[in-house]
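In my numbering, the protein residues as written are 6 to 143.
Where is the CB? At the ideal position from N, CA and C, for every residue including glycine.
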């Protein structure tokens, strides 16, 4: 496991339609030294809060009302390419994974809910290492 804690001190927007799960995910991020700057219950709300808060990354469910996570992520990648998205979902079926591929999102940015702390840490290390490497190339 990559033990580099390059996520400590980062700011996250948690996007999840279930209030209970949103609170659990927020508490997990807080326990890892990540500031939860806002929470949203769907993709429409998420886009408004990204604009207002400019988080370092977004933690997003896939299936949500009004605008699901994949469509929201497409907009985020176009409008805010510097803000990575980490998908958290209980859906691990092949059609959902295929949609993620079609949307050009790396599956290494996908964590099954409820998230295990160690897996979330590994994904975040990879997420920020990838972002740092891309910014050095630019």
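Query	Result
Note down, one range per segment and in chain order, each alpha helix (DSSP H) of at least 4 residues found wholly within the segment 11-89.	24-36, 48-58 and 74-84
Residue 58 and residue 18 look like a contact to me (Cβ under 8 Å); what is the Cβ gap, rounded to whole Å?	6 Å
Cα-Cα, which of 142, 118 and 114 is closest to residue 130?	114
What does the alpha-carbon distance come out to for the pair residue 141 and residue 128?	20 Å
At the level of alpha carbons, what is the spacing between residue 89 and residue 25?	24 Å
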